[in-house]
Amino acid sequence: MNSLTAKLTDIDKVIHERARLGIMSLLAATADITFVELKQHLQMTDGNLSVHLRILEEAGYVAIEKSFVERKPRTAVKITKKGRAAFKSYIDALEQIIQRAKG
Amino acid sequence: MNIREAEENLQLIRSMMERGTRWTGLPAYACFGAAACGIAGWALSISRGLSFANPLDAPALFEIWGVVAAIAAVQVIAFTVASAQRRGEPAWSSLTRGIFYAVLPGLFTGAVLTLVMPAEQRPGAWMLCYGTALLGLGIFAGWKANVAGALFLACGAITLCVVPVNGLSMMAASFGGLHALLGSLLLLKRRDHEQLDG
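For the record, the sequence lines run as chains A and B.
Each residue of the first sequence is one higher than the one before, starting from 6 at the first, in the working numbering.
Each residue of the second sequence is one higher than the one before, starting from 234 at the first, in the working numbering.
1) Would Val67 of chain A pass as an interface residue toward chain B - the criterion being a Cβ-Cβ separation below 8 Å?
2) Reducing DSSP to helix, strand and coil, say where Ser72 of chain A ends up.
3) Looking at the C-beta of Ala263 of chain B, does it have a partner C-beta in chain A at a distance below 8 Å?
4) With the cut-off set at 8 Å, would you say Met404 of chain B and Leu31 of chain A are in Cβ contact?
5) Report the neighbours of Met249 of chain B on chain A: residues whose CB is nearer than 7 Å to its CB, in chain order.
6) List, in chain order, every chain A residue whose beta-carbon is nearer than 8 Å to that of Leu386 of chain B.
7) Using only the alpha-carbon positions, how far apart do Glu241 of chain B and Phe92 of chain A sit?
8) When you compare only the Cα positions, how much space is there between His21 of chain A and Ser417 of chain B?
9) Count the other CB atoms within 10 Å of the CB of Glu100 of chain A; is the residue buried (16 or more) or exposed (fewer)?
10) Quick check: the Cα distance between Pro323 of chain B and Ser284 of chain B, rounded to an integer number of angstroms?
11) When DSSP labels each residue in this structure, what does Asn287 of chain B get in the three-state scheme?
12) Check the Cβ-Cβ distances between Leu9 of chain A and every residue of chain B, and say whether any is below 8 Å.
13) Name, going along the chain, the residues of the stretch 87 to 106 of chain A whose beta-carbon falls closer than 7 Å to a beta-carbon of chain B.
14) Shorter than 8 Å from the beta carbon of Asp37 of chain A to some beta carbon of chain B?
15) Since I believe Met350 of chain B is in contact with Ile16 of chain A (beta carbons under 8 Å), could you give me their beta-carbon distance rounded to a whole number of angstroms?
16) By the DSSP assignment, the alpha helix (DSSP H) with Ala381 of chain B in it spans what residues?
17) So that I know if they touch, is there some Cβ in chain A lying closer than 8 Å to that of Gly431 of chain B?
18) Pick out whichever of B:Leu421, B:Gly282 and B:Trp275 has its Cα sitting closest to the Cα of Gly299 of chain B.
19) Are Cys432 of chain B and Ala406 of chain B touching if we call contact CB-CB under 8 Å?
20) Kindly give me the distance between the Cβ atoms of Leu24 of chain A and Leu47 of chain A, rounded to whole angstroms, as I take these residues to be in contact under 8 Å.
21) Starting from Arg79 of chain A and walking both ways along the beta strand (DSSP E), at which residues does that stretch end?
22) If we ignore side chains and look at the alpha-carbon of each, how far apart do Leu437 of chain B and Lys377 of chain B end up?
23) Who are the near neighbours of Leu259 of chain B in its chain, counting only those whose CB is closer than 7 Å to its CB and skipping five residues on each side?
24) Among residues of its own chain, excluding the 5 on either side of Ile372 of chain B, which ones have a beta-carbon nearer than 6 Å to its beta-carbon?
25) Could you work out which residue in A:Ala106, A:Arg105, A:Asp97 and A:Val74 is closest to Thr39 of chain A when comparing CA atoms only?
26) Report the residue from B:Arg247, B:Tyr262, B:Ile304 and B:Leu245 whose alpha carbon sits nearest the alpha carbon of Ala273 of chain B.
27) What first and last residue would you give for the alpha helix (DSSP H) that runs through Pro338 of chain B?
28) Since Ile16 of chain A is in the alpha helix (DSSP H), which residue starts that stretch and which ends it?
29) If you count every other CB in all the chains shown that lies within 10 Å of the CB of Trp325 of chain B, and 16 or more means buried, which is it?
30) Taking buried to mean at least 16 other C-beta atoms within 10 Å of its own C-beta, is Glu251 of chain B buried or exposed?
31) Is there a Cβ of chain B sitting closer than 8 Å to that of Ile16 of chain A, yes or no?
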């Protein structure tokens, strides 16, 4: 590892994937958000978004709640405490890489 | 990870967090509808020879502008809900809840001031309170709502502070003209969303 790089192992790989980073960033900025809203913001397909949400849920970073509103299914997604802490650590790691590179 | 990738990821985080609190669900035609309501209120008041400067006209003006506000609000809500449904988005979401709480103080203050202020000062107070509510909306809807909100504040200040200004004319200019301006601004092309799929 030279001064401009950090080992990829230092970075949380669950969050590091671009689509999941987008999901975590949106969730960090909102109290809760529906599956439909996430899909609209991220321009992702249902299947792709579901796969990434499942990975984040298995890591304990997001909580998914399914309910019915006016007889229509509603899937709400929230960031968990563990997810927020991991997201903060990820941002800290990015900032460290940049600071280290700039001396 | 190299510095370039780190910077790109930080940029992605910034833009996504901003997008999460950005609302683009206000249809331009709802603003034109509100503008039409404002102009109709002005025309009706003028045709009946009413003036905010005459205390005897206060009940009639209160009725006209109360109905105008109610119709404008109902059509804005109806068009916004219909627009959200067309896009497959929930009309009542965490974002629209935030907007509701951001505009509520301005609208509530306007309603209370209507009850206690002399009739000739109501137009200016309404513009100031509505401008405040629009600036609350601007937190989520961006610069277009902020511009309209700031202009409403300017109109309200002029109406309250410059004595010879005609309240009815300013109502037409603000609730008619500024809503039309906001509708026109909303017609400007919105930046396409970044693709993250795949």
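Just so you know, even glycine gets a beta-carbon here, dropped at the ideal spot from N, CA and C.
Based on what the coordinates show:
1) Here residue 67 of chain A corresponds to residue number 62 of the first sequence, with the count starting at 1. Under the 8 Å criterion on CB atoms, Val67 of chain A is classed as non-interfacial with respect to chain B.
2) On the first sequence, residue 72 of chain A is found 67 positions in, with the first residue counted as 1. Note: Ser72 of chain A maps to strand in three-state DSSP.
3) Translated into positions along the second sequence, residue 263 of chain B becomes position 30. Interface annotation, Ala263 of chain B: not in contact with chain A, CB-CB separation never under 8 Å.
4) Translated into positions along the second sequence, residue 404 of chain B becomes position 171. Translated into positions along the first sequence, residue 31 of chain A becomes position 26. No, they are not a contact pair.
5) Translated into positions along the second sequence, residue 249 of chain B becomes position 16. Those are Gly27, Ser30 and Leu31, listed as they occur along chain A.
6) The residue labelled residue 386 of chain B in the question sits at position 153 within the second sequence. Near Leu386 of chain B there are no residues of chain A at all, since even the closest Cβ is about 28 Å away, more than 8 Å.
7) Numbered from its first residue, the second sequence carries residue 241 of chain B at position 8. Numbered from its first residue, the first sequence carries residue 92 of chain A at position 87. Approximately 16 Å, taken between the alpha carbons.
8) Along the first sequence, one-based indexing puts residue 21 of chain A at 16. Along the second sequence, one-based indexing puts residue 417 of chain B at 184. The alpha-carbon atoms of His21 of chain A and Ser417 of chain B are separated by roughly 40 Å.
9) As a position in the first sequence, residue 100 of chain A is number 95, starting the count at 1. By the 10 Å Cβ count, Glu100 of chain A comes out exposed.
10) Position 90 of the second sequence, counted from the first residue, corresponds to residue 323 of chain B. Position 51 of the second sequence, counted from the first residue, corresponds to residue 284 of chain B. Separation of Pro323 of chain B and Ser284 of chain B (C-alpha to C-alpha, rounded to the nearest whole angstrom) is 43 Å.
11) The sequence position of residue 287 of chain B within the second sequence is 54, counting from 1. Here Asn287 of chain B sits in coil by DSSP.
12) Residue 9 of chain A sits at position 4 when you count from the first residue of the first sequence. Note that Leu9 of chain A scores a pLDDT of 44, beneath 50, so its modelled location is shaky; the value from the coordinates is reported in the next line. At a cut-off of 8 Å between C-beta atoms, Leu9 of chain A counts as an interface residue with respect to chain B.
13) Within the stretch 87 to 106 of chain A, the qualifying residues are Ile96, Leu99, Ile102, Ile103 and Ala106.
14) As a position in the first sequence, residue 37 of chain A is number 32, starting the count at 1. By the rule that beta-carbons nearer than 8 Å mark a contact, Asp37 of chain A touches chain B.
15) For the purposes of this step, residue 16 of chain A is taken as the residue at position 11 of the first sequence. For the purposes of this step, residue 350 of chain B is taken as the residue at position 117 of the second sequence. Between Met350 of chain B and Ile16 of chain A the Cβ distance is about 59 Å, and since that is not below 8 Å, they are no contact.
16) Along the second sequence, one-based indexing puts residue 381 of chain B at 148. Ala381 of chain B -> alpha helix (DSSP H) spans Trp376 to Cys394.
17) As a first step, residue 431 of chain B must be located in the second sequence, where it is residue number 198. A caution first: Gly431 of chain B carries a pLDDT of 34, below 50, which makes its placement in the model too unreliable to give a value.
18) Here residue 299 of chain B refers to the residue found at position 66 of the second sequence. The closest CA to that of Gly299 of chain B, considering only B:Leu421, B:Gly282 and B:Trp275, is found on B:Trp275.
19) No answer is possible for residue 432 of chain B: it lies beyond the span of chain B, which begins at 234 and ends at 431.
20) Taking the first residue of the first sequence as 1, we reach residue 24 of chain A at position 19. Taking the first residue of the first sequence as 1, we reach residue 47 of chain A at position 42. Here residue 24 of chain A is Ala; the residue named in the question, Leu, does not match the sequence. Yes, Ala24 of chain A and Leu47 of chain A are in contact; Cβ-Cβ is about 7 Å, under 8 Å.
21) In the first sequence, residue 79 of chain A corresponds to position 74, counting from 1. Segment Lys77 to Ile84, the beta strand (DSSP E) holding Arg79 of chain A.
22) Past the boundaries of the shown model lies residue 437 of chain B; chain B is included only from 234 to 431, so the question cannot be answered.
23) Indexing the second sequence from 1 puts residue 259 of chain B at position 26. Leaving aside the five residues that flank Leu259 of chain B on each side, the residues in its chain whose CB is nearer than 7 Å to its CB run, in chain order, Thr313, Ala374 and Leu419.
24) Here residue 372 of chain B corresponds to residue number 139 of the second sequence, with the count starting at 1. Cβ neighbours of Ile372 of chain B beyond the five flanking positions: Ala335.
25) Against the first sequence, residue 39 of chain A aligns to sequence position 34. Among A:Ala106, A:Arg105, A:Asp97 and A:Val74, the Cα nearest to that of Thr39 of chain A belongs to A:Val74.
26) Position 40 of the second sequence, counted from the first residue, corresponds to residue 273 of chain B. Comparing Cα positions, the closest option is B:Ile304.
27) Here residue 338 of chain B is taken as the residue at index 105 of the second sequence, counted from 1. Bounds of the alpha helix (DSSP H) holding Pro338 of chain B are Ser327 to Val349.
28) As a working note, residue 16 of chain A is residue 11 in the first sequence. First-last for Ile16 of chain A: undefined, no H or E at that position.
29) Counting from one through the second sequence, the residue named residue 325 of chain B turns up at place 92. Classification for Trp325 of chain B: exposed.
30) The residue given as residue 251 of chain B occupies position 18 in the second sequence. So Glu251 of chain B ends up on the exposed side.
31) Residue mapping note: residue 16 of chain A aligns to position 11 of the first sequence, counting from 1. Closer than 8 Å: yes.
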